[in-house]
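Trainee: Under my numbering, think of the first position of the sequence shown as 117, with each following residue one higher.
Positions of the beta carbon are idealized from the N, C-alpha and C atoms, including for glycine.
It should be emphasised that the depicted structure is a prediction, and the values quoted were computed from it without experimental measurement.
Mind looking over this structure? Questions follow.
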Amino acid sequence: MNFLHLAILLPLLMAILIPIIYRFTKSVHTGWFALPIPIVLFIYFLTLIPQTINGPITKTMAWIPRLGIDFTVRLDGLSLLFVLLITGIGALVTFYSIFYLGKNKERLNNFYVFLLIFMTAMLGVVLSDNLIVLYLFWELTSISSFLLIGYWYHRERSRYGARKAMLITVFGGLMMLGGFIVLHLMSGTYSVHEIIGNAASLSDSPLFLPAMIFILLGAFTKSAQVPFHIWLPDAMEAPTPVSAYLHSATMVKAGLYLVARFTALFASSGVWFWTILIVGVLTILWGSVNATLKNDLKAILAYSTISQLGMIMSLLGIGAAALHFKGNNDNIYIAALVAAMFHLFNHATFKGSLFMMVGIIDHETGTRDIRKLGGLLRIMPITATIAFIGTFSMAGLPPFNGFLSKEMFLEAMVDITHLQLFNADALMIILPAIIWIASVFTFIYSMLIFFRTFTGQGEIKKLPKKPHEAGAGLLIPPLLLSAIVIVTGFFPNLLARPILEPAVRSIMPALQNNGLGENFTIHISFWHGITPALLMTFGIVIIGALLYKWHSVWKVWLIEKTPRFFKWGGIYDNSLFWIESGSYRMTMWLMTGWLRTYLNYMLASFIVMVLSAMTFTNAWNFDFSNLTKVTLIDFILVVVIIVTLVGIVFSKSRITSIILLGAMGYTISIFFVIARAPDLALTQLVIETISVVLYLLVFYFLPQFSNIEEKPKWLSIKTFLSIGVGVVVTLISLSAYNTDIFESISKYYELNAYKEAAGKNIVNVILVDFRGFDTLFETMVLSIAAIGIFIMIKLRLTKRRKLDENE
117 MNFLHLAILL PLLMAILIPI IYRFTKSVHT GWFALPIPIV LFIYFLTLIP QTINGPITKT
177 MAWIPRLGID FTVRLDGLSL LFVLLITGIG ALVTFYSIFY LGKNKERLNN FYVFLLIFMT
237 AMLGVVLSDN LIVLYLFWEL TSISSFLLIG YWYHRERSRY GARKAMLITV FGGLMMLGGF
297 IVLHLMSGTY SVHEIIGNAA SLSDSPLFLP AMIFILLGAF TKSAQVPFHI WLPDAMEAPT
357 PVSAYLHSAT MVKAGLYLVA RFTALFASSG VWFWTILIVG VLTILWGSVN ATLKNDLKAI
417 LAYSTISQLG MIMSLLGIGA AALHFKGNND NIYIAALVAA MFHLFNHATF KGSLFMMVGI
477 IDHETGTRDI RKLGGLLRIM PITATIAFIG TFSMAGLPPF NGFLSKEMFL EAMVDITHLQ
537 LFNADALMII LPAIIWIASV FTFIYSMLIF FRTFTGQGEI KKLPKKPHEA GAGLLIPPLL
597 LSAIVIVTGF FPNLLARPIL EPAVRSIMPA LQNNGLGENF TIHISFWHGI TPALLMTFGI
657 VIIGALLYKW HSVWKVWLIE KTPRFFKWGG IYDNSLFWIE SGSYRMTMWL MTGWLRTYLN
717 YMLASFIVMV LSAMTFTNAW NFDFSNLTKV TLIDFILVVV IIVTLVGIVF SKSRITSIIL
777 LGAMGYTISI FFVIARAPDL ALTQLVIETI SVVLYLLVFY FLPQFSNIEE KPKWLSIKTF
837 LSIGVGVVVT LISLSAYNTD IFESISKYYE LNAYKEAAGK NIVNVILVDF RGFDTLFETM
897 VLSIAAIGIF IMIKLRLTKR RKLDENE
């Protein structure tokens, strides 16, 4: 194991130690022990930047080589960008949580265990080169995020949000697993870079499209794309540090990573381009509009996250065409990919600071409702500064980094209108218009966050808590992120060569074969002249400012006019209700509480499954030429068995039924004597004797038969099941008698029974020596069952004695 593998597992190892540390150091906040892990990892990955510029770093550790599953870690430009966000923002969130979560009020050991497990899961997702290992870490993100979102499990909304996130993301994960399996069937390997390297040969496979759809479902559910976005707003019930980590820099970005990683494989298909672009554009519009309708600051940020994720997704969709179209317009697609990677970084910085800012507001005022807030600028000037930088960057205003990536986004959307992509010119004109409308709403909700919270008069005295500026511990992390927003706004090219260029190259490993050559470079600047994108920005600010002024008027109208069909949360709730109620009714119908009913299910399934299997596999084989001749004594024994069987069925006494059952067993043992199998006959006699005794013992405790006589139902379900099972077993026996697929093993026992075990009785040798462990475990099972029965009887007797004493 090298340090790249250890880097993934290091947070998990610390998570194992946290409960032990917590037990002996309760006087110290547990976060201080967790904090060094992301800091060390962040510094370590920073040192790997020069190596990733020159090419990927690959390390392999054997795991299940027979199945082609190895723990292969591959660090390239794309994964490096993600691991820096995971560890860097992870360190800030951990530091922030130390001051946000009270040492005496929270279960800190649980919180940091969940947080560190999630960190390991995310690192595993972005660094794994094996599809199965990637899937394991992917599902670990769903499980750990479920635990983090439901951290305050005593709250009903927290449990609801955790379950919704779990159901939707796990569904997507299972779909993604299906896509991975299909890719393996197509390529014969689980290696991601090997599969991408064979993209040209795989694109002609009939399984290419199903694999693409399954993988996109996994990506869309994790990155909260419409219509799977509904889990993210409810996930805001998690503590604010969790929201700042999961929903700005890590979990929601996992789907974007998946799309970016597999773009080189699927970009040759127009389905990939159109699906990602259209879903992304719809998500931008839906998220931005809904954000303006919310009053809770975290709810606004939740929908703004949905919108921003749709923006990055649509940029990846535009960039996907770089591999499909070759020529003089390649720079348009590459610019879209650069914008996607740049905005992915920018969004993590300004959204992380905004989540922390909202946490400070909630922590210091006791509310996040913008209808109750206002006028906090004078009381909380540092928090207001953080909010100003974050919201104006999110709105795409200069001089912050969000302005640069937003302009690049608008330019990409304008540029594709000049291209004839897949013969859809009309749609290429509509999409930029939708983007412009969504950007207007983005401006509005950004202004709502800042001005409704910090300006105006406000009713400070009516707030749940007397507001005051937060301490340094809560302010340092968002201030650092705000500083990054400003620095990358003024000096964006600090990220160009070390971060953005390797990331873009990793998304499109075939760029060099697409006419771009070795000298592909990125240069980002503020001023490009009077461009359509800049004019769109002016329009966004002007129209957005007017709509912000009249927000209270059109907000009510928009809420009332929204059709029920588009309220996706209600669809989820209703669907879950019908699934749960339907499963409950079916369970109540099937699970009657009667053992005889369950026996009916098993017998019916046995009949149907065996008959179907034997018929479809053509396994019936009847040949009566070699059967043993039936003698008179055989007929007599059969008649005796039939008479005892009829007596058992129609008997009104349990004692009589038990005696007749034993008589039928003794009669069967006579068959073994006639067939010269004394061992079987002796075994049968012993079993029948013990069974009769046990039946008498057990039935003693059962209630007596009712005195009310019931007419026998000759055509009941039991009649058909009994006849069916008898017929099936008989047919199987007759068919198996003449079927000889393998050579009989009896010769082996004949030759080795005495030689290996020094026993002349082959049956005894098989049971005691050759199958000694089977016999031992069967004895153990019977012993455990006997102990259980004895305990149940004793418990019942004890209860009965107590009742008698009370009477």
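If you drop the 5 nearest sequence neighbours on each side, which residues of the same chain put their C-beta closer than 7 Å to that of Asp485?
Mentor: Result list for Asp485: Asn411 and Asp412, in chain order.
Trainee: Compute the Euclidean distance between the alpha carbons of Trp673 and Ala415, then round it to the nearest angstrom.
Mentor: 20 Å
Trainee: How many Å lie between Phe722 and Thr731 at the Cα?
Mentor: 14 Å
Trainee: Out of Gly518, Glu585 and Gly574, state which residue places its alpha-carbon closest to the alpha-carbon of Ser562.
Mentor: The residue among Gly518, Glu585 and Gly574 with its C-alpha nearest the C-alpha of Ser562 is Gly518.
Trainee: Would you kindly check if the distance between the Cβ of Ile560 and the Cβ of Tyr664 is under 9 Å?
Mentor: yes
Trainee: So Leu232 packs on Ala150, CB below 8 Å; how close in whole Å?
Mentor: 6 Å
Trainee: Which same chain residues end up closer than 6 Å to Gly589 when comparing Cβ atoms and leaving out the 5 residues on each side of it in sequence?
Mentor: Phe215
Trainee: Within this structure, are the beta carbons of Tyr688 and Ile346 separated by less than 9 Å?
Mentor: yes
Trainee: Between the Cα of Pro326 and the Cα atoms of Ile900, Trp552 and Trp388, which residue gives the shortest distance?
Mentor: Trp388
Trainee: Considering only residues of the same chain and omitting the five flanking positions on each side of Phe606, which have a CB-CB separation below 8 Å?
Mentor: Pro515.
Trainee: Do the CB positions of Phe525 and Ile551 come within less than 9 Å of each other?
Mentor: yes
Trainee: Would you call the CB atoms of Val405 and Ile505 closer than 9 Å?
Mentor: no
Trainee: For Thr501, does the three-state DSSP call read helix, strand or coil?
Mentor: helix
Trainee: Tell me the DSSP bridge mates of Asn246?
Mentor: Partner(s): Ser307.
Trainee: Per DSSP, what are the beta-bridge partners of Thr188 in this structure?
Mentor: Thr176
Trainee: Round the Cβ separation of Val209 and Ala360 to the nearest angstrom and send it over; I've been treating them as touching at under 8 Å.
Mentor: Between Val209 and Ala360 a beta carbon distance of about 5 Å is seen, short of the 8 Å cut, so the two are scored as contacting.
Trainee: When burial is assigned at 16 or more other CB atoms within 10 Å of the CB, is Pro497 buried or exposed?
Mentor: Looking at its Cβ environment, which holds fewer than 16 other Cβ atoms inside 10 Å, Pro497 is exposed.
Trainee: Per DSSP, what kind of secondary structure is Asp689 in: helix, strand or coil?
Mentor: Asp689 falls in the helix class under three-state DSSP.
Trainee: If you draw a straight line from the alpha carbon of Phe119 to that of Leu201, how long is it in whole angstroms?
Mentor: 19 Å
Trainee: First and last residue of the alpha helix (DSSP H) that includes Arg487?
Mentor: Neither: Arg487 is in no alpha helix (DSSP H) and is coded neither H nor E.
Trainee: What alpha helix (DSSP H) runs, 4 residues minimum, are completely inside the region 371-445?
Mentor: Whole alpha helix (DSSP H) segments, 4+ residues: 386-407 and 413-436.
Trainee: For Arg494, name the three-state secondary structure that DSSP assigns.
Mentor: Per DSSP, reduced to three states, the secondary structure at Arg494 is coil, with no helix or strand assignment.
Trainee: Roughly how many whole angstroms lie between the Cα atoms of Gly443 and Ile284?
Mentor: Residue placement at Gly443 is poorly supported in this model, since its pLDDT is 48, which falls under 50; the coordinates still yield a value, given next. The straight-line gap from Cα to Cα measures roughly 41 Å.
Trainee: Are Ala340 and Leu348 close, meaning C-beta to C-beta below 9 Å?
Mentor: yes
Trainee: One question on the structure: do Met624 and Gly396 come within less than 9 Å of each other, judged by their Cβ atoms?
Mentor: No. Outside cutoff.
Trainee: Considering just the uninterrupted stretch of the alpha helix (DSSP H) at Phe654, what are its terminal residues?
Mentor: Where Phe654 is concerned, the enclosing alpha helix (DSSP H) stretches over Pro648 to Lys665.
Trainee: Could you compute how far the alpha carbon of Leu547 sits from the alpha carbon of Val249?
Mentor: 37 Å
Trainee: Compare the C-alpha of Val474 against each of Arg494, Thr501, Ala456 and Ala455 and name the closest.
Mentor: Thr501
Trainee: Mark Lys522 as exposed unless 16 or more other C-beta atoms lie within 10 angstroms of its C-beta, in which case mark it buried.
Mentor: buried
Trainee: With a threshold of 6 Å on Cβ separation, who are the neighbours of Ser555 within its own chain once the five nearest residues in sequence on each side are excluded?
Mentor: Ile656
Trainee: Does DSSP classify Trp552 as helix, strand or coil?
Mentor: helix
Trainee: With Tyr216 as the anchor, note down where its alpha helix (DSSP H) starts and where it stops.
Mentor: Gly193 to Tyr216
Trainee: Distance check for Val879 and Thr805, CA to CA, integer angstroms please.
Mentor: 21 Å
Trainee: DSSP three-state label for Asp856, please.
Mentor: coil
Trainee: Would DSSP call Met624 helix, strand or coil?
Mentor: coil
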